[in-house]
Amino acid sequence: MFSRGLLGERLTRRKLIGVGLGFVGVAIVILERGVDASIQYVHGNLIIYVAVIAWGLYTVLGKRLITQYGPLDASAITLLTGTLIFLPIGILPALQFDYGSIGGWTWAQILYLGVITSVVAYLMWYYALARVEAGKVALFANLQPILTTVLAVVLLGQDITMQFVLGGALAILGVVIAQFG
Numbered sequence: 120m121f122s123r124g125l126l127g128e129r130l131t132r133r134k135l136i137g138v139g140l141g142f143v144g145v146a147i148v149i150l151e152r153g154v155d156a157s158i159q160y161v162h163g164n165l166i167i168y169v170a171v172i173a174w175g176l177y178t179v180l181g182k183r184l185i186t187q188y189g190p191l192d193a194s195a196i197t198l199l200t201g202t203l204i205f206l207p208i209g210i211l212p213a214l215q216f217d218y219g220s221i222g223g224w225t226w227a228q229i230l231y232l233g234v235i236t237s238v239v240a241y242l243m244w245y246y247a248l249a250r251v252e253a254g255k256v257a258l259f260a261n262l263q264p265i266l267t268t269v270l271a272v273v274l275l276g277q278d279i280t281m282q283f284v285l286g287g288a289l290a291i292l293g294v295v296i297a298q299f300g
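Residue numbering for the sequence shown follows my numbering, beginning at 120 and increasing consecutively.
Following this line, the structure appears as structure tokens:
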């Protein structure tokens, strides 16, 4: 919707169907373990909702950055801006932290998060965004809960439910349909 409103991208029937299927699929996966009305659950869902809206706007506005600067410079601008925004909040705890308490494996994990999930992932995201409509690229975020669940199965031994299979299939189908819309 943001890409339609801010970039003027076409909103076809296939895209709407794809978005709808993706949304239903993700909802099935997220709600497969039931609904909890506790304040923590509601608070967590509100944070996710705000994050989804922010990511949608980030993707659409990122399309403009790419047009002006290209994928590499847009990634650098994004990471530097994020660092500057976080610095006032994080500088004091960072200065007070005992870095000697962190072992080698933890440093490797931090390096992975910094390099792979930040620098490489953002470069790939902007590379895709430079070549495809923002609305189509943004739909791939629907795959995140699916991949998270797959990793929980592989790494933590969690069970796969029929609800997950159905929700995952709908989310993937929604992304595929929207890509060809």
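Glycine residues also receive a C-beta, built at the ideal position from the N, C-alpha and C atoms.
Boundaries of the alpha helix (DSSP H) around ALA146: 132 to 149. Collapsing the DSSP output to three states places PHE216 in coil. For ILE149, the closest of MET281, ILE265, GLY293 and LEU140 by C-alpha to C-alpha distance is ILE265. VAL295: member of the alpha helix (DSSP H) spanning 281 to 298, first to last residue.
Under the three-state reduction of DSSP output, SER237 falls in the helix class.
Boundaries of the alpha helix (DSSP H) around PHE121: 121 to 126. Look at VAL171 here: in three-state DSSP terms it is helix. Burial is judged here by how many other beta carbons sit within 10 angstroms of a residue's own beta carbon; THR202 has fewer than 16 and is exposed. A direct Cα-to-Cα measurement between ALA193 and VAL284 gives close to 36 Å. Taking C-beta atoms as the reference points, GLY293 and VAL138 count as a pair closer than 8 Å. The DSSP-derived three-state label of ARG183 is helix. Counting every other CB atom within 10 Å of its CB across the protein chains shown gives ILE147 a total of 16 or more, marking it as buried.
It is roughly 39 Å from the alpha-carbon of GLY189 to the alpha-carbon of TYR160. Here the alpha carbon of ALA240 sits roughly 20 Å from the alpha carbon of ALA271.
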